[in-house]
Structures are given as structure tokens and as C-alpha cells.
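Chemist:
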Amino acid sequence: ELAQIGVTGLAVMGRNLARNFARHGYTVAVHNRSFAKTESLVADHGDDGTFLPSESMADFVASIERPRKVVVMVKAGGPTDAVIDELIPLLEEGDIVIDAGNAHFPDTRRREERLREHGLHFVGSGVSGGEEGALNGPSIMPGGSAESYVTLGPILEDISAKVDGVPCCTYVGPDGAGHFVKMVHNGIEYADMQLIAEAYDLLKQGLGASAAEIGQIFAEWNTGDLESFLIEITADVLQHVDAETGSAFVDVILDRAEQKGTGRWTVQNGLDLGVPITGIAEATFARALSGSVPQRTAAAGVLRAEAGAWDVTDRDAFVEDVRLALYASKVVAYSQGFDQIAAASEEFGWDIDRGAMARIWRGGCIIRARFLNRITEAYERDADLPLLLADPYFTESVGNGVPAWRRIVSLAALNGVPTPAFSSSLAYYDGVRADRLPAALVQAQRDFFGAHTYQRVDKPGVFHTEWSLDRTETAQ
Ligand code: 6PG
Numbered sequence: 003e004l005a006q007i008g009v010t011g012l013a014v015m016g017r018n019l020a021r022n023f024a025r026h027g028y029t030v031a032v033h034n035r036s037f038a039k040t041e042s043l044v045a046d047h048g049d050d051g052t053f054l055p056s057e058s059m060a061d062f063v064a065s066i067e068r069p070r071k072v073v074v075m076v077k078a079g080g081p082t083d084a085v086i087d088e089l090i091p092l093l094e095e096g097d098i099v100i101d102a103g104n105a106h107f108p109d110t111r112r113r114e115e116r117l118r119e120h121g122l123h124f125v126g127s128g129v130s131g132g133e134e135g136a137l138n139g140p141s142i143m144p145g146g147s148a149e150s151y152v153t154l155g156p157i158l159e160d161i162s163a164k165v166d167g168v169p170c171c172t173y174v175g176p177d178g179a180g181h182f183v184k185m186v187h188n189g190i191e192y193a194d195m196q197l198i199a200e201a202y203d204l205l206k207q208g209l210g211a212s213a214a215e216i217g218q219i220f221a222e223w224n225t226g227d228l229e230s231f232l233i234e235i236t237a238d239v240l241q242h243v244d245a246e247t248g249s250a251f252v253d254v255i256l257d258r259a260e261q262k263g264t265g266r267w268t269v270q271n272g273l274d275l276g277v278p279i280t281g282i283a284e285a286t287f288a289r290a291l292s293g294s295v296p297q298r299t300a301a302a303g304v305l306r307a308e309a310g311a312w313d314v315t316d317r318d319a320f321v322e323d324v325r326l327a328l329y330a331s332k333v334v335a336y337s338q339g340f341d342q343i344a345a346a347s348e349e350f351g352w353d354i355d356r357g358a359m360a361r362i363w364r365g366g367c368i369i370r371a372r373f374l375n376r377i378t379e380a381y382e383r384d385a386d387l388p389l390l391l392a393d394p395y396f397t398e399s400v401g402n403g404v405p406a407w408r409r410i411v412s413l414a415a416l417n418g419v420p421t422p423a424f425s426s427s428l429a430y431y432d433g434v435r436a437d438r439l440p441a442a443l444v445q446a447q448r449d450f451f452g453a454h455t456y457q458r459v460d461k462p463g464v465f466h467t468e469w470s471l472d473r474t475e476t477a478q
């Protein structure tokens with residue numbers, strides 16, 4: 003008997019993916035650098051289905067039916083290349099290697115090209131949903147050749163999360179498209195998490211509420227427009243009590259947020275493509291600020307606050323304002339992330355269907371949320387929508403929250419509470435809708451000191467003013 007699919011790399015994500023395949027009735031070849039992990043998978047979870055364990059990579063490859071489908075689930079970077087090096091001589095034309103880790107998309111582009119030269123398919127696939135998702139149904143974002151998806155797609159769709167019976171997996175686009183979309187997913191994840199954290203901070207400082215009370219507010223929010231996995235786990239975390247101290251768990255955690263790097267990649271790419279993903283950038287920098295220990299130590303008690311004191315008289319109205327500001331800021335982060343996907347799709351010729359991306363993010367992944375349906379609908383109304391915020395549904399639902407958003411950002415500034423993601427999102431909203439921006443002045447300054455030229459509102463052409471001479475204007 004041959005396996006229909008193989009998994010190499012049996013740390014927790016690989017192990018759970020292998021179990022998920024087995025539970026769906028596939029015979030799964032399994033391999034790991036140390037055989038003990040392979041043996042323990044089969045010993046502990048043999049009941050899930052049929053596993054074909056191999057000690058050597060050669061036996062592993064030989065145990066899979068052709069065209070082989072080999073899922074590589076090892077650390078991004080060097081370890082992935084090492085496994086690929088080992089696989090190439092063992093595989094045959096038409097076989098498919100699937101990198102299901104969080105690889106950086108330029109690496110995926112390079113690997114795809116390399117394997118293509120060997121007649122092999124390389125599928126860089128985003129997989130989201132953590133350990134639990136890998137086992138019970140993740141959101142899957144496979145890139146690579148459309149041809150590879152014909153045989154691989156149905157298996158991945160089978161093991162993916164389902165929403166209303168629709169799989170949270172679809173073909174994303176050629177070479178690095180799948181890992182790119184996963185990267186932006188993670189960038190949005192950072193923004194979403196930071197916005198939730200800012201909302202928590204505002205409720206804590208504005209109301210003097212306990213973590214548990216705020217947890218209840220989040221639980222309540224999770225019954226409405228904000229319903230999402232991240233709001234749900236926030237409600238849970240905030241109500242969790244530390245066993246050792248009896249304090250709210252969140253109050254005993256060191257306030258320095260870390261990252262493995264996908265958010266940083268998203269921001270770097272936003273700069274490369276010139277797409278203002280300000281919400282994601284602020285969220286990433288907020289993590290960096292939290293970890294800037296020498297700077298925080300130098301500033302604490304030294305930088306003057308000159309801040310007002312909170313005086314919330316209508317508790318419910320304040321909570322509702324924070325909710326509306328959170329919703330609006332969240333839509334901004336998604337709108338920016340989808341702009342980034344559009345720009346990359348154009349740059350790399352990927353032809354990514356943004357509505358389909360929102361659809362496969364509805365379940366399984368970390369940013370799964372009720373309102374992703376609304377994003378899919380928006381792109382169904384207009385596949386070329388230039389700005390998600392300008393879709394009629396979002397114009398209305400965000401528009402209704404604008405007064406609250408302004409109140410909250412103002413109060414935060416007046417009272418000295420840092421809300422980089424809330425504030426920058428509102429600034430983006432006001433910037434993108436402005437009739438006229440002060441960018442005109444920036445252009446004039448550039449022309450003044452560097453003869454960088456400018457265009458005029460009243461006639462076509464490119465111009466320069468002789469600033470240091472007689473200030474005559476010349477067409478360039
Ligand atoms: C997912 C998560 C997953 C992982 C992040 C964490 O979609 O399942 O995004 O990929 O949890 O990489 O990222 P940081 O360590 O950078 O916060």
C-alpha cells in the first residue's frame with residue numbers, strides 16, 4: 003500500500019497536519035529527522051487512521067504514490083532548504099513539494115523556480131490556525147502552479163476548516179502568492195491584536211475596570227459585528243486568574259510583546275510596494291516599543307505626561323464608543339492589507355482574487371471573523387474595488403462610528419494613553435478621504451532644495467521653479 007500524501011517534520015504543526023490527513027481517510031507517509039518522533043506519532047495516534055512511518059527520507063519518498071505530495075513542515079529558512087536538498091534527488095518529474103511553514107515569500111519564489119528546473123512542483127502554502135487548526139481544520143493558502151492544485155487542492159480542501167460547508171482553502175496564485183497572502187494575514191493579525199489591546203487599555207484606564215470586567219465586555223462584543231476568534235480568546239484570557247498569585251492573569255505577564263517576524267516582513271514589503279499599511283506598521287512598532295527596555299527605563303518618570311484625568315460619566319456610552327472605534331480601525335487595517343495584496347498581485351503577476359482570500363479566512367485561521375463575509379461580498383460587488391473602505395457596506399458601517407472614533411482618539415491623546423493603531427487608522431481615514439493634502443507643500447519643498455520638480459493642478463506637465471534665482475517657472 004502506498005500513501006496518498008507524506009509529511010516530513012513532525013513537530014507539533016506537522017504532527018497535527020499528518021493526523022488531520024489520516025482522520026480524513028488518507029494513508030499518510032510520515033518522517034522526521036529523529037525517528038523517535040515518528041514512532042511516537044504512530045504509537046500515540048495510530049487510531050486516527052493509517053500512517054506509514056519511515057526512518058529514512060528515501061524510504062519515506064518511496065512509500066508515497068505518484069505524483070507524490072510531500073508536505074514539508076520544518077522551520078523556515080535553512081532547515082527548509084536542507085530538507086528540499088535532500089528531497090530533490092529522490093523525487094520524480096511531476097511530484098509536488100508543499101512548504102506549509104511560515105516561509106518568507108521571496109524564498110518561496112526562489113525555491114519554486116529551483117524545483118521547476120527539476121520538473122517538480124513547489125507549493126508554498128500558508129497554513130493558519132495554530133496547533134488546534136492544523137488538527138481540526140486550518141485555513142490553507144496554497145500557491146505554486148495551477149497544475150499542482152488539480153491533484154493537491156481536493157486533499158487540502160478536504161482537511162481545511164469549513165464555513166457553511168465551504169472549504170477555507172483555495173488556490174491563491176503562482177510561486178510566492180500563497181506565502182505572501184499568509185504574510186499579510188499575519189500582518190492583519192498583528193493589527194487586530196494591537197487594536198484589541200488598545201481597546202482593553204482604554205477600558206482599563208477610562209473605567210478603572212478590572213480585567214475580568216473588561217473580559218465580560220469583550221464577551222458581549224463577541225455577539226455582534228466584532229465576533230471573531232481574537233475577540234473570543236481575549237474575553238477568555240482577561241477572565242483567567244493566575245493560579246499562583248490569584249491576580250488576573252494578564253496583570254502578571256511582562257508587558258513586552260515579541261514576534262517571530264511575519265509582521266516585520268509585512269511592513270518591509272509595504273514599504274517596498276509603497277502601500278500605506280499604517281495599522282500593521284503601528285502594531286509591529288508597538289511590539290518593538292514594548293520591548294525597548296533601555297528607552298522605557300530612561301523615559302519612565304522622566305518624560306512629563308501633562309495629561310488630563312479620565313472622567314467617564316456615562317459608562318455604557320464610553321464602552322460603545324470604544325467598540326465603534328475598534329471596529330472602524332479594524333476595517334482600516336483590513337482595507338490596507340487588501341491594498342497590499344492587490345499591489346503585490348500586480349507587481350508579481352499573481353492575479354489574486356481578494357474576495358476569495360476573505361472567504362478562506364472566515365474559518366480556521368487566527369483572524370477568522372464574522373465580518374469577513376462582508377469583505378467577500380464587497381469584492382463580489384466589485385472585483386476591482388480600489389479601496390475596501392469605499393465599498394457601500396463599509397462606508398456606512400465605518401461612517402456611523404466616526405464621531406465615536408474621534409472622541410476616543412481625542413480622549414486617549416488628552417489623557418495620555420498610547421493608541422498608535424487607533425490614532426493612525428483614523429489619520430489614514432482622514433488622509434485617504436481628504437480633498438486636498440499638504441503633500442503639495444512637500445512637493446514645493448522638494449523642488450526648492452533639490453530641484454525635484456512638481457506637477458500643477460491647472461495644467462499638465464512637470465515643472466521646476468528657479469528658487470535661488472528669479473523664481474521663474476520652467477516646464478521640464
Ligand atoms: C497563524 C499564526 C501563526 C503564528 C504566528 C505568530 O496564522 O496560525 O499567525 O502563524 O502563531 O507566526 O506570530 P508572532 O510570533 O510573530 O507573533
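Counting in UniProt numbering, the sequence shown runs from 3 upward without gaps. Ideal placement from N, C-alpha and C gives every residue a C-beta, glycine not left out.
(1) Okay, do the segment 14-26 and the segment 127-143 touch, 3+ Cβ pairs below 8 Å being the bar?
(2) Does the beta-carbon of E159 have 16 or more other beta-carbons within 10 angstroms, so that it is buried, or is it exposed?
(3) With a threshold of 8 Å, are at least 3 pairs of Cβ atoms found where one atom belongs to the segment 121-131 and the other to the segment 362-371?
(4) Sort E379, D203, M15 and E149 by Cα distance to P140 and report the nearest one.
(5) Given a cut-off of 7 Å on the beta-carbon distance, is the pair G281 and A380 in contact?
(6) Which residue from Q447, F340, F451 and V404 puts its Cα closest to that of A429?
(7) Which residue wins for smallest C-alpha separation from V99, given the options P81, G146 and D109?
(8) Beta-carbon separation of V76 and F53 under 7 Å?
(9) Does DSSP put E94 in a helix, in a strand, or in coil?
(10) Less than 7 Å separating the beta-carbons of V411 and V333?
(11) With 16 other CB atoms within 10 Å as the buried threshold, where does V152 fall?
(12) If you drop the 5 nearest sequence neighbours on each side, which residues of the same chain put their C-beta closer than 6 Å to that of N104?
(13) For a test of your reading of the model: does the CB of K262 fall under 6 Å from any non-hydrogen atom of the ligand 6PG? Yes or no.
(14) Where in the segment 262-338 do unbroken runs of the alpha helix (DSSP H), each at least 4 residues long, occur, reported from the N-terminal end onward?
(15) Could you tell me whether any non-hydrogen atom of the ligand 6PG is closer than 6 Å to the CB of I368?
(16) Do Q478 and H466 have their C-beta atoms closer together than 7 Å?
(17) On the criterion of 16 or more Cβ atoms from any shown chain inside 10 Å, does Q457 qualify as buried, or is it exposed?
(18) List the whole-angstrom C-beta distance separating T82 from N188, where the pair is believed to meet the contact cut-off of C-beta under 8 Å.
(19) Quick check: is any heavy atom of the ligand 6PG less than 6 Å from the C-beta of E191?
(20) Determine the direct distance from the alpha carbon of W469 to that of L209, and round the result to whole angstroms.
(21) Would you give the residue range spanned by the beta strand (DSSP E) that I219 belongs to?
(22) Pull up the distance between the alpha-carbon of V74 and that of M59, whole angstroms please.
(23) Measuring CB atoms only, is the segment 283-294 touching the segment 192-207, in the sense that at least three cross pairs come out at less than 8 Å?
(24) What does V44 pair with, by DSSP beta-bridge criteria?
Modeler: The structure says:
(1) yes
(2) buried
(3) yes
(4) M15
(5) no
(6) V404
(7) G146
(8) no
(9) coil
(10) no
(11) exposed
(12) A78 and T264
(13) yes
(14) 264-275, 280-292 and 295-301
(15) yes
(16) yes
(17) exposed
(18) With a Cβ gap of about 17 Å, T82 and N188 do not count as contacting.
(19) yes
(20) 55 Å
(21) Careful: I219 lies outside any beta strand (DSSP E), inside the alpha helix (DSSP H) at A213 to W223.
(22) 12 Å
(23) yes
(24) Paired residues: none, contrary to the question.
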